[in-house]
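Note sheet for the following structure.
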Amino acid sequence: MRLKILPPSLREPQRYLAVEIISEKPLEKNDIVSIIWNACLRLHGECETSKFKPWLIRAWEPIKDGENYKQKCIIRCKRGEEEKVRAALSSTSQHDNRRVALHTIGISGTIRSATQKFIKLK
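Given below as structure tokens:
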């Protein structure tokens, strides 16, 4: 028996955060995922983090800016929990003994609008 896809009316509503990461060295996708999860777990704990379900959707290539690297990504979370994710991300200052800063550029309801409004790639 094949399972059916849930209709949109029964799915949990999601929000997408456009985030800018500034780091001393370029980060890979696995590094970004561990930064997101470690930040959320440290600030909110396992039970609370499992409620807002943070997930890395896409990460763009890092761009060298002086001594640092800037990288943009889109993170999905549950609607209504965006502020908790933003707080956890902004509380991060280090990863693997490297300085890291995460800034939320904006919040959107779809991946497409988050990319068009906040990422603005040339």
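In the working numbering, the protein residues as written are 29 to 150.
Ideal Cβ positions, reconstructed from N, Cα and C, are used throughout, including at glycine.
Coarse secondary structure for residue i, derived from DSSP in three states
i      : result
Ser118 : helix
Lys81  : coil
Asp93  : strand
Lys57  : helix
Lys148 : coil
Pro35  : coil
Arg30  : coil
Contacts around residue i, its chain only, beta-carbon distance under 7 Å, and the 5 residues preceding and following it disregarded
i      : result
Ala116 : Ala67, Cys68, Leu71, His72
Gln122 : Val128
Strand pairing of residue i, partner residues [DSSP]
i      : result
Gly73  : Beta-bridge pairing links Gly73 to no other residue.
Gly134 : Ala46
Ala87  : Cys101
Arg126 : His123
Ser62  : Bridge partners of Ser62: none, in fact.
Val106 : The identity of residue 106 in the sequence shown is Lys, whereas the question assumes Val. Answer by DSSP bridge pairing, in chain order: Gln42.
Ser51  : Tyr97, Val128
Spatial neighbours of residue i in its chain, beta-carbon cut-off 8 Å, leaving aside the 5 residues before and after
i      : result
Lys145 : Ala46, Gly134, Ser136
Proximity winner among the options, relative to residue i (alpha-carbon distances)
i      : options                      : result
Asp93  : Arg126, His123, Ile33, Lys53 : Lys53
Ser118 : Tyr97, Gly108, Lys79, Ile49  : Ile49
Phe80  : Val113, Arg30, Ala129        : Val113
Thr147 : Trp88, Val61, Glu95          : One point to set straight first is that residue 147 is Ile, not Thr, in the sequence displayed. For the residues Trp88, Val61, Glu95, the minimum Cα distance to Ile147 belongs to Trp88.
Cut-off 6 Å between Cβ atoms - residues of its own chain near residue i, not counting five sequence neighbours on either side
i      : result
Glu110 : Arg43, Ile135
Thr132 : Leu45, Val47, Arg114
Arg127 : Glu52
Trp83  : Arg104
Legend entry - the region 58 to 70 contacting the region 133 to 141, beta-carbon criterion three pairs below 8 Å: Touching, no, given that fewer than three Cβ pairs across the two stretches are closer than 8 Å.
Inset, instruction - Evaluate contact between the region 29 to 48 and the region 103 to 110, counting only Cβ atoms and requiring at least three cross-stretch pairs below 8 Å. - result: yes
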